[in-house]
Amino acid sequence: MSHDEYILLVEDDSGLRELLQEELEAEGYRVTACADAETALDALQSHPPDLLISDLRLPGANGLSLLPAIEELTPRPAVLIITAFGSVQEAVESLKAGADDFLTKPLEMDHFLLNVTRLMENRRLRSEVQRYRSLLAVEQFHGIIGHSPAMQQLFHQIRQIAGAEGPVLIQGESGTGKELVARALHEQSPRKGKPYLVVNCGGIPGELMESEFFGHAAGAFTGARNQRAGLFQQAAGGTLVLDELGEMPLALQAKLLRALQDGRVRPVGSDHEIQVDVRVIGATNRNLTEAVADGSFREDLYYRLETFGLQIPPLRARGDDVQRLAEFFLARFNARQDRGIQGFSDDALAVLANYSFPGNVRELQNAVERAATFCDSPLIEPRHLPERIREHTKGDDEQAGISMASTPIPAGDSPAGMPDLETVQRQYIHQVLKATNGNKRRAADILGITRRTLYRWLE
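So this is what it looks like as structure tokens:
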């Protein structure tokens with residue numbers, strides 16, 4: 002058995018002190034042994050232990066005199082008091098003074114070691130719970146973790162525009178947390194407590210979109226037996242989030258623009274408009290300015306939404322947030338799976354800090370969960386992290402960019418001898434697919450597009 006925990010043993014009986022030290026070291030603990038309280042105080046200050054085991058009666062002072070120094074240490078060590086003069090009164094005094102347990106001599110060794118194991122496990126669990134609660138209490142803004150300047154600026158913008166009534170456009174790469182930002186806007190706004198609906202525009206068949214958004218009258222089309230309220234009516238008084246907004250067909254974009262401008266919708270098959278009070282939040286990982294330029298997104302709708310625009314920074318631009326997020330995900334994993342992983346080694350943190358995370362926060366969360374699942378040591382080491390993270394770094398990305406820029410690309414039909422944009426795009430897509438072994442979900446994440454868009458490009 003192997004432990005990485007450190008024990009400070011204080012016992013004036015030299016024979017018992019040596020025996021206990023040998024038994025504890027045989028169990029894999031690191032042990033420092035002292036004969037008196039004065040020496041023990043020096044040891045506490047120079048190297049705080051995970052567990053203090055002290056005799057109650059010591060030369061010059063008793064073991065309880067060490068407890069005030071113990072309370073000043075963070076994290077606090079566990080304390081086990083032992084004495085040959087055991088009594089109920091002494092046990093009560095020890096526990097009131099802050100001891101975690103009390104044993105009387107003569108010690109039964111198996112019982113002693115069992116108590117040591119239990120105290121160590123309790124301390125690890127207590128430390129993990131405290132760390133988890135600290136992360137939950139301090140580092141979250143409506144469920145979003147971020148202390149970097151870029152994220153603090155984002156939080157400031159959310160607070161500023163949450164109380165406004167106009168639509169909001171949230172843009173950011175896949176996995177950056179656009180829906181969390183949308184939820185934060187709703188929770189910060191006067192609409193908090195009212196309906197909050199999220200619809201994936203890329204997941205609704207085009208022929209059903211209008212009915213899904215605006216509802217339909219009975220008999221409006223085959224199968225429409227009853228009148229049905231659309232999402233705008235269902236979200237009345239609250240917030241409607243249009244995820245993957247860039248996938249919305251142009252015909253529906255025109256009707257969405259009218260709903261935003263007039264506050265009215267017309268159900269399919271109805272002759273009457275309905276007044277609606279809904280705040281619309283659009284979210285997309287597409288570059289809508291490029292979509293406007295290529296004609297796949299309406300310019301007037303873009304400018305109506307962009308009045309209150311939020312850009313979520315990618316994880317690679319958030320500095321130390323990578324470590325904070327990794328520790329948060331590990332603490333949550335420990336709590337859910339009843340594990341006691343203590344954290345990340347310095348080497349593992351360096352690997353994470355040097356990776357570009359094209360899948361952003363979602364990719365980091367998955368990587369931490371995988372590493373924790375396979376972790377067989379007190380700390381997560383680089384070997385526990387996914388291979389792509391160990392072997393691929395930000396420097397590799399930069400070098401790849403240089404390589405692509407310097408490698409001649411066969412010209413298409415361009416009279417200038419340079420490839421046209423469509424050719425470059427097609428070649429890059431196939432290069433990403435090759436790098437991901439044909440995994441279209443992974444390729445779409447790297448490209449910053451939806452799988453539906455990827456399939457359309459491939460066609």
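Quick note, in the numbering used here, the sequence shown goes up one by one and the last residue is 460. From the three backbone atoms N, C-alpha and C, an ideal C-beta is built for every residue, glycine too.
- The beta carbon of D14 is closer than 8 Å to those of D56 in its chain, skipping five residues each way along the sequence.
- In this structure the stretch 281 to 290 touches the stretch 172 to 184; the number of beta carbon pairs closer than 8 Å is three or more.
- In chain order, V11, D13, D37, A38 place their CB closer than 7 Å to the CB of L59, counting only its own chain and leaving out the 5 sequence neighbours on each side.
- Beta-bridge partners of F113 (DSSP): none assigned.
- Contact between T105 and T84 holds, since their C-beta atoms are separated by about 6 Å, short of 8 Å.
- Rounded to whole angstroms, the separation of the alpha carbons of V93 and V362 is 50 Å.
- The beta carbons of Q189 and A163 sit about 3 Å from each other, so the pair counts as a contact at 8 Å.
- For the set A372, L380, D377, P379, the Cα lying nearest the Cα of E388 is the one of A372.
- Shown here for H187: same chain residues with a beta carbon closer than 6 Å to its own, the five before and five after excluded, namely Y197, T240 in chain order.
- When secondary structure is reduced to three states using DSSP, H217 falls in the strand class.
- Its chain contains L311 as the residues whose beta carbon lies nearer than 7 Å to that of Q158, once the 5 sequence neighbours on both sides are disregarded; these appear in chain order.
- Taking the Cα positions, Q254 is about 50 Å away from Q343.
- Counting only the Cα atoms, E72 lies some 57 Å from G247.
- A straight line joining the alpha-carbon of D377 with that of L120 spans about 21 Å.
- With 16 or more neighbouring CB atoms inside 10 Å of its own CB, M249 falls in the buried class.
- A straight-line Cα-Cα distance of about 28 Å links I8 and P383.
- In the three-state DSSP reduction, N335 falls in the helix class (H, G or I).
- In the structure shown, F329 adopts helical secondary structure according to DSSP, grouped into three states.
- Between V199 and I145 the beta-carbon gap is near 16 Å, outside 8 Å, which marks them as no contact.
- With contacts defined as CB atoms closer than 8 Å, P168 and L306 qualify as a contacting pair.
- Collapsing the DSSP output to three states places R192 in coil.
- In the three-state reduction of the DSSP assignment, T84 falls in the strand class, which pools E and B.
- Taking a C-beta distance under 8 Å as the contact criterion, C35 and A27 do not qualify as a contact pair.
- The secondary-structure analysis by DSSP pairs F142 across a beta bridge with I145.
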